[in-house]
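**Q**
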Amino acid sequence: MKYLFKILLCLLILPVSPVCYAQKITAYIDSVPGSYNFWLYTPENTLKEEAEPKPVVIFLHGASICGNNLEKVKSYGTIDAIEKGRNIDAYVIAPQNPGGTWNPDKIMRIFDWVSDRHNIDYDRVYVLGMSLGGFGTIDLAAAYPDFIAAAIAMCGGATHPDLSALNDVPLWIIHGTADRAVSVTQSDKVVNAMKAADNDTPRLIYDRVEGMNHSRPARIFYLPEIYEWLFSHSLKDENREVAPSFDLTNEIMQSAYSGLKFTSRKQPAARKKRKTARKK
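So for the sequence shown, the numbering used here puts the first residue at 358; every next one is plus one.
#1: Do you know how far the Cα of A510 is from the Cα of S316?
#2: In this structure, what does DSSP give as the bridge partners for K593?
#3: Short of 7 Å in beta carbon distance, which residues of its chain neighbour Y385, apart from the five on each side in sequence? Order them along the chain.
#4: According to DSSP, what are the bridge partners of I382?
#5: If you drop the 5 nearest sequence neighbours on each side, which residues of the same chain put their C-beta closer than 7 Å to that of V539?
#6: Tell me which residues share the same chain as D387 and place their Cβ nearer than 8 Å to its Cβ, disregarding the 5 neighbours each side in the sequence.
#7: Any idea if R560 is buried or exposed, counting beta-carbon neighbours within 10 angstroms, 16 or more meaning buried?
#8: Compare the beta carbon distance of A507 and V526 with 9 Å and say whether it is the shorter of the two.
#9: Alpha carbons only, please: which of V389, D437, E598 is nearest the one belonging to D473?
#10: Inspect the CB distances between the stretch 451-466 and the stretch 496-505 and report whether three or more fall short of 8 Å.
#11: In chain order, which beta strand (DSSP E) runs of at least 3 residues are fully inside the stretch 431-469?
#12: In chain order, what residues of the same chain have a beta carbon less than 8 Å from the beta carbon of G442, not counting five sequence neighbours either side?
#13: What is the rounded straight-line gap between the Cα of Y501 and the Cα of Q543?
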């Protein structure tokens, strides 16, 4: 009886109890004026009054996810990895870009909104993205180098006019030489701009992966080692040194989905029609 009473009490006080507060993924539509709609993942035990501050991961999607259907943001990436069972002990902000390049100021407005309502660790804010999101990652880190503790940009480039401040940020750039959607020369240009500002590029890791195409890096969002690499950095680190990376071997990439839960997805109606037509 006492046990049942405790369960009922927990349910009643769920909104304000750090003991009962569970992780969740919430959609926010038109919540931040002048910015993007977004998903917010809230990890366990994160009430502002009671909990230890948690890091923040900002995930920026590619061009194929642009639009006004927030569900598309779950097609791949950090939120999808969490839904499939990957444990990430951080707040995750996953905005949706309706189209065009990512705007760093709009992303910052979402961060300010989240930080006003949650107990975040301001020294441990990270960004990662792929394709258009890779461009957004570079642009955000270049615009706010004293805000981003570490960043991972995959198969992207940059639109920000000044990339010199990237040398202040622990940055891992990953791009395949067989990428036909976004040429590896886009990442080369970022690296060259960084070298023009500081030839040593002290905080840069550049993996120019021979033979890797545009879609292959999507697996990287599901690797626990990627988040461990991000979380190993802090704005409090002396000299903000970059942590050692690891080789993106075929074995590592093949293991990206290990232990995760996948559900079967229905074929698009148009695809079904084409198959039916061929049979006839």
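No residue lacks a Cβ here, since even glycine has one placed at the ideal position from N, Cα and C.
**A** Reading off the structure:
#1: The question about residue 316 has no answer, for the chain in this structure spans 358 to 637.
#2: Answer by DSSP bridge pairing: none, since K593 is not bridged.
#3: N394, F395, L397
#4: Y398
#5: S488, C512, G513, G514, H571
#6: N394
#7: buried
#8: yes
#9: V389
#10: yes
#11: 448-453
#12: G616, L617, K618
#13: 21 Å
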